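As structure tokens, the structure follows; a few thoughts come after it.
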Amino acid sequence: MLKFKREHVRSFEFGMFILPVIITILYAFYIPFIMSMLYSLTQWNGISSQPKFIGLDNFKSIFISDDHFKQSIIFTFKFSILYILCVNALSLIVALALDQKLRTTNLLRAAFFVPYILSLVIVGFIWRFILNQGFDALAEFTGIGFFKLSWLGVPNLAFISIIIVSVWQSIGFYIVIYIAGLQSVPRELLESSIIDGAGPFQRFLSVTLPLLAPSVTVCMFMSMTNAIKVFDVILSLTGGGPGGSTYSVALDIYRDTFQNNMYGYGSAKALVLFVVVLMITILQLTYFKRREVEH
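If you read the sequence shown in the working numbering, its first letter stands for residue 977, the second for the next number, and so on.
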């Protein structure tokens, strides 16, 4: 009986400790998410006390008549593909270099990771100054045509600028993950492959890369979700310009919701984005987890 009371008291104490966390999560995430689902079925400007129920009309407009949303989907898709490829390839190459025994390894690791600490909004404003005033000054001083290009005034160059800034800011995070994966590779296997006559490239493909599968899964997942949700850097770097050519899905949702006061319509777009991200995430994790099992 005494043992039962002690277990009951422990369960009660445990429940009291986690209750504030549960309430916070419900209040900050689940309740707003459910409310957003309900608002997606309404026509609401965010001010009126009685949103007008319109059913699935918002979703019909999104997929049938919203050209801006279609353009933002195309931009986000292109950005995601290039960002995922660039950030993972570059971070893996740098991680391989920093995994070597160099005197400046720790200093270089810190240097690559520092930009990730900065806010993307701040990073966007910094690079906006560099690409405008900074490059103009360099163009006058050096006369090099590269610095004379309108990096934020031409759609294609603005797109490249967003890719470069996003990769520069986030590459340190992925480098850390890849370095952790490289350091978990058994040295005995690498030494055995050297004895068997395997060269550096063959050793990487046959030994290192298969054992890096968990790190690759994490980096691909994180880079994919960050790419699809890209918002901060575009808002501060190009503002969606020039001519609306760099509007991402998240920025398009922000425009409709907070600038055009179409809260119901914006909620519907946010719900569509959530479903797409969820489906892509499930497919991606399933594929890479199977690859881990195979290896």
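We put the beta carbon where it would ideally sit given N, CA and C, even for glycine.
Fair warning: this is a prediction, and the values are worked out from it, not measured in the lab.
Please report the residue range of the alpha helix (DSSP H) in which residue i lies.
{"i": "P1176", "result": "P1176 to R1179"}
{"i": "Y1150", "result": "P1131 to Q1159"}
{"i": "A1004", "result": "First-last for A1004: undefined, no H or E at that position."}
{"i": "I1170", "result": "R1163 to I1171"}
{"i": "I1060", "result": "D1043 to L1074"}
{"i": "S1037", "result": "D1033 to I1040"}
DSSP three-state call for residue i: helix, strand or coil?
{"i": "K1124", "result": "helix"}
{"i": "T1233", "result": "helix"}
{"i": "K1205", "result": "coil"}
{"i": "Q1260", "result": "helix"}
{"i": "T1222", "result": "coil"}
{"i": "T1018", "result": "strand"}
{"i": "K1077", "result": "coil"}
{"i": "S1024", "result": "coil"}
{"i": "L1187", "result": "helix"}
{"i": "M1011", "result": "helix"}
{"i": "M1238", "result": "coil"}
{"i": "T1214", "result": "coil"}
What do you get for residue i, buried or exposed, if any count of 16 or more other CB atoms within 10 angstroms of its CB means buried?
{"i": "G1148", "result": "buried"}
{"i": "Y1006", "result": "exposed"}
{"i": "T1118", "result": "exposed"}
{"i": "V985", "result": "exposed"}
{"i": "D1043", "result": "exposed"}
{"i": "R1079", "result": "exposed"}
{"i": "A1226", "result": "buried"}
{"i": "Q1145", "result": "buried"}
{"i": "R1231", "result": "buried"}
{"i": "V997", "result": "exposed"}
{"i": "Y1263", "result": "exposed"}
{"i": "F1055", "result": "buried"}
{"i": "G1100", "result": "buried"}
{"i": "D1112", "result": "exposed"}
{"i": "A1004", "result": "exposed"}
{"i": "F1051", "result": "buried"}
{"i": "R1266", "result": "exposed"}
{"i": "G1216", "result": "buried"}
{"i": "M1255", "result": "exposed"}
{"i": "R1104", "result": "buried"}
{"i": "G1175", "result": "exposed"}
{"i": "F1122", "result": "exposed"}
{"i": "F1045", "result": "buried"}
{"i": "V1090", "result": "exposed"}
{"i": "V1251", "result": "exposed"}
{"i": "F993", "result": "exposed"}
For residue i, write down the residues that DSSP places opposite it in a beta bridge.
{"i": "F988", "result": "DSSP output for F988 lists no bridge partner at all."}
{"i": "F1197", "result": "BP columns for F1197 are empty, so no partner."}
{"i": "F1117", "result": "Bridge partners of F1117: none, in fact."}
{"i": "F1029", "result": "T1018"}
*Ranges of the alpha helix (DSSP H) found wholly within the stretch 1079–1115, counting only runs of at least 4*: 1081–1093 and 1096–1105
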